[in-house]
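Sequential numbering from 0 applies to the sequence shown in numbering that gives the first Met the number 0.
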Amino acid sequence: MRKIPHQYKSVIFAFVMSFNTALIVSGVITFINIPTLSLYFQKWATSFLLAWPIVFGVILLIGPIVIGLVNFLVDDN
């Protein structure tokens, strides 16, 4: 299997993390607001498709800041 070059690691991380985060959060919030199953999946899909690009962009923007903060707070012993 061909692997993706290391230079794209942060983008791949943001892509996978944003997908999972948006999927779970939009599913839970949609369930809380629309507990009827008939509308749930339609609304979940719409919410997810709206949330995913937003979460992806946020992770790309604040990811390096969060990594820096974590590196500052965590002992490297």
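A virtual CB, placed ideally from N, CA and C, is assigned to each residue, including glycine.
Residue i to residue j, Cα distance in whole Å?
i, j, result
"residue 10", "residue 57", "12 angstroms"
"residue 52", "residue 74", "33 angstroms"
"residue 66", "residue 8", "14 angstroms"
"residue 30", "residue 76", "43 angstroms"
"residue 0", "residue 15", "19 angstroms"
Could you spell out the range, first to last residue, of the alpha helix (DSSP H) harbouring residue i?
i, result
"residue 16", "8–32"
Find the nearest neighbour of residue i within the set the options, judged by alpha-carbon distance.
i, options, result
"residue 47", "6, 24, 76", "24"
"residue 61", "13, 3, 4", "13"
"residue 22", "59, 69, 64, 45", "45"
"residue 49", "71, 68, 1, 26", "26"
Next on the checklist: Restricting to runs no shorter than 3 residues, where is the beta strand (DSSP E) found entirely within the region 38–73?
Outcome noted: none
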